[in-house]
Amino acid sequence: MTAQEVRLCGLLLREHFGEVVEKVGTHLLRGGAQNLRIIIHETGVPLDLVKKSLCVLVQHGACVFSSGRKGAGSPTEYRTSCDRILRILRYPRYIYTTKTLYGDTGELIIEELLQRGHMTMSSTVKTVADRLTQNMEEGLCMDYGEVSNAFSKLVETHFLQRSTPATPGTPAAPVSTAPPSPESFPDCYKVPHMTLVGRGKRQLCSEDGEDQRNAKRAKMDSQAHGDEGICWQVNFERFHLHFRDQAIISAVANKLDQTSSEIVRTMLRMSEVTTSPTATCTKPLSANEIFRSLPPSYNIARPIVDQYLTLLVDDPMEFVGKAGESGGGMYVVNLHRALANLARATLESVVQERFGSRSARIFRLLLRKRHLEQKQVEDFAMIPAKEAKDMLYTLLAQNLVQLQEIPKTPDFAPSRTFYLYTVNQLPTARMLLQNCYKTVANLIERRLFESRENKRLLEKSQRIEAILASLQASGAEPEQLTEVEEMITATEKQQLEALRLHINKLDSAENQVDESIFLLESYINSTASTS
Amino acid sequence: MSEVKLKRETNVLDVVEVENRIKELCQQLPHGITDQVIQNDMPHLEPQQRAMVINKLLSLGQLDLLRNSSGLLYRMKDTQGAGKMKGSDNQEKLVYQVIEDAGNKGIWSRDIRFKSNLPLTEVNKILKNLESKKLIKAVKSVAASKKKVYMLYNLQPDRSVTGGAWYSDQDFESEFVEVLNQQCFKFLQSKAEAAIDSKQSPMVQRNSSFATSHEVWKYICELGISKVDLSMDDIETILNTLIYDGKVEMSVIAAKEGTAGSVDGQMKLYRGVNAVIQPTGLVRTPCGLCPVFEDCHDGGEISPSHCVYMAEWLDF
Numbered sequence: 001m002t003a004q005e006v007r008l009c010g011l012l013l014r015e016h017f018g019e020v021v022e023k024v025g026t027h028l029l030r031g032g033a034q035n036l037r038i039i040i041h042e043t044g045v046p047l048d049l050v051k052k053s054l055c056v057l058v059q060h061g062a063c064v065f066s067s068g069r070k071g072a073g074s075p076t077e078y079r080t081s082c083d084r085i086l087r088i089l090r091y092p093r094y095i096y097t098t099k100t101l102y103g104d105t106g107e108l109i110i111e112e113l114l115q116r117g118h119m120t121m122s123s124t125v126k127t128v129a130d131r132l133t134q135n136m137e138e139g140l141c142m143d144y145g146e147v148s149n150a151f152s153k154l155v156e157t158h159f160l161q162r163s164t165p166a167t168p169g170t171p172a173a174p175v176s177t178a179p180p181s182p183e184s185f186p187d188c189y190k191v192p193h194m195t196l197v198g199r200g201k202r203q204l205c206s207e208d209g210e211d212q213r214n215a216k217r218a219k220m221d222s223q224a225h226g227d228e229g230i231c232w233q234v235n236f237e238r239f240h241l242h243f244r245d246q247a248i249i250s251a252v253a254n255k256l257d258q259t260s261s262e263i264v265r266t267m268l269r270m271s272e273v274t275t276s277p278t279a280t281c282t283k284p285l286s287a288n289e290i291f292r293s294l295p296p297s298y299n300i301a302r303p304i305v306d307q308y309l310t311l312l313v314d315d316p317m318e319f320v321g322k323a324g325e326s327g328g329g330m331y332v333v334n335l336h337r338a339l340a341n342l343a344r345a346t347l348e349s350v351v352q353e354r355f356g357s358r359s360a361r362i363f364r365l366l367l368r369k370r371h372l373e374q375k376q377v378e379d380f381a382m383i384p385a386k387e388a389k390d391m392l393y394t395l396l397a398q399n400l401v402q403l404q405e406i407p408k409t410p411d412f413a414p415s416r417t418f419y420l421y422t423v424n425q426l427p428t429a430r431m432l433l434q435n436c437y438k439t440v441a442n443l444i445e446r447r448l449f450e451s452r453e454n455k456r457l458l459e460k461s462q463r464i465e466a467i468l469a470s471l472q473a474s475g476a477e478p479e480q481l482t483e484v485e486e487m488i489t490a491t492e493k494q495q496l497e498a499l500r501l502h503i504n505k506l507d508s509a510e511n512q513v514d515e516s517i518f519l520l521e522s523y524i525n526s527t528a529s530t531s
Numbered sequence: 001m002s003e004v005k006l007k008r009e010t011n012v013l014d015v016v017e018v019e020n021r022i023k024e025l026c027q028q029l030p031h032g033i034t035d036q037v038i039q040n041d042m043p044h045l046e047p048q049q050r051a052m053v054i055n056k057l058l059s060l061g062q063l064d065l066l067r068n069s070s071g072l073l074y075r076m077k078d079t080q081g082a083g084k085m086k087g088s089d090n091q092e093k094l095v096y097q098v099i100e101d102a103g104n105k106g107i108w109s110r111d112i113r114f115k116s117n118l119p120l121t122e123v124n125k126i127l128k129n130l131e132s133k134k135l136i137k138a139v140k141s142v143a144a145s146k147k148k149v150y151m152l153y154n155l156q157p158d159r160s161v162t163g164g165a166w167y168s169d170q171d172f173e174s175e176f177v178e179v180l181n182q183q184c185f186k187f188l189q190s191k192a193e194a195a196i197d198s199k200q201s202p203m204v205q206r207n208s209s210f211a212t213s214h215e216v217w218k219y220i221c222e223l224g225i226s227k228v229d230l231s232m233d234d235i236e237t238i239l240n241t242l243i244y245d246g247k248v249e250m251s252v253i254a255a256k257e258g259t260a261g262s263v264d265g266q267m268k269l270y271r272g273v274n275a276v277i278q279p280t281g282l283v284r285t286p287c288g289l290c291p292v293f294e295d296c297h298d299g300g301e302i303s304p305s306h307c308v309y310m311a312e313w314l315d316f
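Those sequence lines, one after another, are chains A and B. Numbering follows UniProt numbering, in which position 383 of the first sequence is assigned residue number 383; successive positions increment by one, without gaps. Numbering follows UniProt numbering, in which position 239 of the second sequence is assigned residue number 239; successive positions increment by one, without gaps.
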């Protein structure tokens, strides 16, 4: 829970849930486990608002509660962790992935679940069907059955999971340090039998009166569908495994060629459900199985597939390894090593872009050769002595390179000590990860600043849009419309356009930095779990 | 009296005889003769006399005194060398000998002082003298630019002093290295592309995209961009820098002795490769490249809200 992480979490909470939740959330992040009274006392927020904020955080899985440390009977304590809140940054990526895999229906299901935290299947299906029906043409409606199918498919591939069922009465719950994960329940991925027949309802017009009536109807429409109390949430780990597989496949495609990446994709797909998330490599697959499971559009002969597999094994990046000879050769995908290579490539690219290709040469040299003296660095890298010295000292100042002293005499006299330069991949990756968090926080800050600066302009344009819409709905003449449009001057239009571009750019930059964050986080977690 | 005179005459005669005898022995055994050998040859010679004769020959510059593990050795000195040094005195001869012993690598003036036990001023005077006589020369070392090493005039300085092919006049030729770098990379890249275009089975493709270090060396020699002759080791150092640039990978295979370019039964193969990932997301934002990243805080002088780099980047 570093300072940068807390700052970023605060910004994300503020954007998505508002300032009150931000206050409570950051206080919990900084302070560890606290009970309700302390939270109220220290944040100064009134009781009901604190309760509502905690509800919001619990609903989204960001906060967990357990009975107090002093044993049963003491007030419940609330605890948040950064991980869950930082996932908010990745929501667009989750939604986009589901869209590519399962189409619009899947996309909307995931979007609803991400917005609400957890929901029952029936309510999700109804809401999504309604939204889809909104966008469809007149006369067409989305059938609940289709949406349920999409939901079941998502559950089958483990992208959705049941939330931990709430235990009735916390004092009876055992005092455990970690709440039970959803996976520890056997029914985690079982779709309940649900009686839900019908179609999506289209909202015909957006008059306020209609809205009120619809809202009332929704409240009275709470028929039992057979799945009460079973809430579903998005399984982030599964998405992360998917992203990791995608990263490995694209790296193979970049380094080798398309066919090799297809083979690796097949191997990863076959081991999706058999490999545990923390495994260092997939289960061994025989060449026969791989050949049979290749997509039929690639009709490659069997010996060619064998050749590709041998080439993958021989590649210095070691994406694929050979685990035995039975069945025509048993192959595994080295997940941990692939992640380490990708993290290393990330570090090298940061050094290259920031300090130039010669410094990148020195950095890669040190990564390969581990410990080198200054003279040796100059000789191997073929860079003149003065420049090499300068670059090494810059990298040292930025803490990307470390110095190891080996004394010849016990008094560490400088003339009688060896000074060796070295690069440690794991600590450097952690440092860069913190830099990424700071960068994203900076980008969000800038975006908020830009919107604040141009608030007046944005409000004006919104008002004008609303007027235009109402005029159009009530069937006004073209002259009135143009009159209203001219209320915005040309320069203001330009400014608005520029503002829109800026905000889009900042948004997309956040997503790009999130990709780096994902690679570095996966590498750090994978190393931590294997060591 | 006459007996004494006789003895002295015999002594004088003996001395000349002994000298000649010793010289003959030296010529017979060019590696050098020890005291033992002289004693065996002339058993009647007293050690004192022997020492006197040897000292005389040494001072005349006709004999060389060496020491080996078993004792002292006397060797016939090159008369030509002796002729050169006729005009110099003992100290100069000593310094000259010390420099000669240093051979290819040359010797620093402080080391000359240690070995000859002469004071600094004397050594400097002698060195200047010898330089003017064109017997020795000073070569600037590439390792420490202020250091001068002395070696015999007609010797070629060793690689470690001049730096080898990459240094010309004690200056590291970085443009030369860059040009070689690019040429090697282009050669390997075109080979890899040709291999991909050939559309054969993947194994053949990969093997044909490899080039041995010998092939690269031949290509560079034929290109003729180098004024200096480059050896295969030099080319391998250049190829190593390409590996550290991440553009090339290397593998070693066993090769038959005698095939061109094989060293100790192995050959090094090099191959151009593509990058594994695109430049990472962090460096596409101004923060990833910002020189004042550490100083940036909200509400400070440097903050994201007022960042100049961001403003430029947004308007791009």
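Cβ coordinates follow ideal geometry from the N, Cα and C atoms, glycine included.
Annotation for A/L443: L506, A509 and E510 place their beta carbon closer than 6 Å to its own, counting only its chain and skipping 5 residues before and after.
For A/G25, the uninterrupted alpha helix (DSSP H) run begins and ends at E19 to G31, by DSSP.
Its chain contains R113 as the residues whose beta carbon lies nearer than 7 Å to that of B/L120, once the 5 sequence neighbours on both sides are disregarded; these appear in chain order. Listed in chain order, the positions of the segment 228-250 of chain B with a beta carbon within less than 9 Å of a beta carbon of chain A are T237, I238, N240, T241, I243, Y244, D245, G246, E249 and M250.
At least 7 Å separates the CB of A/V333 from every CB of chain B.
Straight-line measurement puts the Cα of A/T97 at about 15 Å from the Cα of A/V155. Look at the beta carbons and you see the segment 15-29 of chain A not touching the segment 457-465 of chain A: under three pairs across the two are nearer than 8 Å. B/T285 has a beta carbon lying within less than 7 Å of a beta carbon in chain A. In this structure the segment 286-302 of chain A touches the segment 326-346 of chain A; the number of beta carbon pairs closer than 8 Å is three or more.
Membership of A/M330 in the beta strand (DSSP E) is indicated by the continuous run M330 to V333. In the three-state scheme derived from DSSP, where H, G and I count as helix and E and B as strand, B/I107 is classed as strand. In chain order, A287, G328 and G329 place their CB closer than 8 Å to the CB of A/D306, counting only its own chain and leaving out the 5 sequence neighbours on each side.
Contact of B/L120 with chain A by beta-carbon distance below 9 Å is absent, the smallest such distance being about 23 Å. Sequence-distant partners of B/C287 (beyond 5 residues in either direction) whose C-beta falls short of 7 Å from its own C-beta, in its chain, are F293. The segment 110-119 of chain A makes contact with the segment 43-62 of chain A; the number of CB pairs closer than 8 Å reaches 3 or more. Separation of A/M136 and A/C9 (C-alpha to C-alpha, rounded to the nearest whole angstrom) is 37 Å. Three or more Cβ pairs closer than 8 Å define a contact, and the segment 242-259 of chain B meets that threshold against the segment 173-189 of chain B. In this structure, the straight-line span from the alpha carbon of A/D315 to that of B/E178 is close to 28 Å. Here A/Y331 is buried: its Cβ has 16 or more other Cβ atoms, across all protein chains shown, within 10 Å.
In the DSSP assignment, A/P407 falls within the unbroken beta strand (DSSP E) covering Q402 to P407. The alpha carbon of B/Q189 has as its nearest neighbour, out of B/Q200, B/E173, B/S208 and B/E175, the alpha carbon of B/S208. About 5 Å separates the Cβ atoms of A/R361 and A/A381, confirming a contact at the 8 Å cut-off. The C-beta separation of B/V37 from B/L45 comes to about 12 Å, leaving the pair out of contact by the 8 Å criterion.
Residue pairing from DSSP places A/G321 in a beta bridge opposite A/V332. Annotation: Cβ neighbours of A/K505 in chain B (cutoff 7 Å, chain order): L314. In this chain, the beta strand (DSSP E) harbouring B/K137 covers I136 to K140. Ranked by how close their Cα comes to the Cα of A/T439, the residues A/T133, A/V513, A/K51 and A/L396 have A/V513 in first place. Close CB contacts of A/L241 within its chain, under the 7 Å cut and outside five residues either way in sequence, are with P277 (chain order). Around the beta carbon of B/D298, fewer than 16 other beta carbons sit within 10 angstroms, so the residue counts as exposed. The closest CA to that of B/T34, considering only B/R75, B/Q27, B/V18 and B/L223, is found on B/R75. B/S305 has a beta carbon lying within less than 7 Å of a beta carbon in chain A. As the crow flies, the alpha-carbon of A/G73 is around 11 Å from that of A/S66.
Comparing alpha carbon positions, the residue from A/N399, A/M317, A/K322 and A/I517 closest to A/L309 is A/K322. A/Q512 reaches chain B at T280, G281, L282, R284 and T285, counting residues in chain order whose Cβ is nearer than 9 Å.
Pairing B/M267 with A/L256, the inter-Cα distance amounts to about 23 Å. In the DSSP assignment, A/C63 is bridged to A/T80.
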